[in-house]
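Mapping of the sequence shown onto this note's numbering: position 138 corresponds to residue 129, and the numbering continues sequentially without gaps.
Glycine included, each C-beta is placed from N, C-alpha and C at the ideal position.
Computed from a predicted structure; not experimentally measured.
Written below as structure tokens is the structure these notes are about.
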Amino acid sequence: MFTVVRFVLILWGVIALAWLGAWWLKRRTKPEPGQFSSIVVFTGFLFGFLLTTLQGFAANHYADARSQAQAEPTSLVTMYDDINVLPPPVRKRGERTIICYMWSVAESDWKEQRRGAILESADSLVWGGRLRTFSDQLPQDSPTAGRINTEVADAGSARQQLLYLARPQIPAILWVVVFVSGGVLIFLQVSDTAPGKVVTRITLIAVIVVMSLEVASLAVLDRPFSSVGGIRPTAMTDAIGMLTADRPDLPTKHECGLEFR
């Protein structure tokens, strides 16, 4: 939320400076309305093209993150099904480890993703390590152990991919270009219009509102796990609910030791 507000406030600050600059220019040079019309149209076209391109890029980033978040539980659910053939004591230990790892991802790791962290949380590192230890202790000559080892690797790869997608992808230099371009556009529009016209003021306000919405949406889409409009761990929690339905013996997130973290 803070990031979105910060970007919008930066845009408004640039717009205010551009407006003041245009007002000062009109007081000093008395430019005639309409003399910058062609430049305003050209600048507006370039600014619109830039925003459209960035919106498409950010939307693809958001869609990739959402798709990966929905696919992440798949290997864990498959692993849970595969351990059904193991002896009861081993199976119960594996079930507990998988469920607790899933809870650690849904609860702890998701908070790290919201901050754009590049590392797993302490909880998921602990339970991920226990999950790998569990798979390593299985008889390695059995087909089940081979499948579980593959699924553990797939789960780890999915986790790293989601942590990568949680980071902003739009470079800072492009944000600078967006803010500067928006300021130049407002400067030219204010300089090119006659003062005192209601239609002119309404048009400028509408342009500023649209620019603010575009910048806010870019900030949200570029941070797909943010608290504002971000992706939620619904796929993981739904998978946990499916696996633990009618299984009171399986651990809750509190029993996994996550309530104090």
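Relative to G47, the option among L209, T228, L116, R214 whose CA is nearest is L209.
Between I139 and D73, the C-beta gap is smaller than 8 Å, which places the two residues in contact. By the criterion of a C-beta distance shorter than 7 Å, C91 is surrounded in its chain by W118, P242, C247, once the five residues flanking it on both sides are discounted. The alpha helix (DSSP H) runs lying completely inside the stretch 14 to 80 and spanning 4 residues or more are 28 to 73, given in chain order.
Between the stretch 209 to 220 and the stretch 39 to 55, the count of C-beta pairs closer than 8 Å reaches three or more; the two stretches touch. Cβ atoms of L153 and A56 come within 8 Å of each other, at about 7 Å. Excluding the 5 residues flanking it on each side, Q160 has same chain C-beta neighbours closer than 8 Å at F48, A49, H52, D213, in chain order.
Under the three-pair Cβ rule at 8 Å, the stretch 29 to 47 does not count as touching the stretch 118 to 135. Exposed is the label assigned to D229, since fewer than 16 other Cβ atoms lie within 10 Å of its Cβ. Straight through space, the alpha carbons of G12 and S148 are spaced by roughly 52 Å. For A136, the closest alpha carbon among the candidates M70, W166, K17, P79 is that of M70. Assigned with DSSP and collapsed to three states, E103 falls in helix.
The Cβ atoms of L110 and V143 lie no closer than 8 Å to each other.
Under a 10 Å Cβ-count criterion, Q180 is classified as buried, with 16 or more other Cβ atoms of the shown protein chains found around its own Cβ.
The beta carbons of A146 and S58 sit no closer together than 8 Å. Listed in chain order, the alpha helix (DSSP H) runs fully inside the stretch 149 to 228 are 163 to 183, 189 to 212, counting runs of at least 4 residues. Around S126, the same chain offers I139, N140, V143 as residues with beta carbons nearer than 6 Å, after the five sequence neighbours per side are excluded.
Here G232 is exposed: its Cβ has fewer than 16 other Cβ atoms, across all protein chains shown, within 10 Å. Under the DSSP assignment, R121 falls in the alpha helix (DSSP H) whose first and last residues are 113 to 127. Rounded to whole angstroms, the Cβ separation of G174 and L8 is 6 Å, and the two are in contact under 8 Å. With at least 16 other beta carbons inside 10 angstroms of its own, Q104 counts as buried. By the CB criterion at 8 Å, I177 and W10 fall inside the cutoff.
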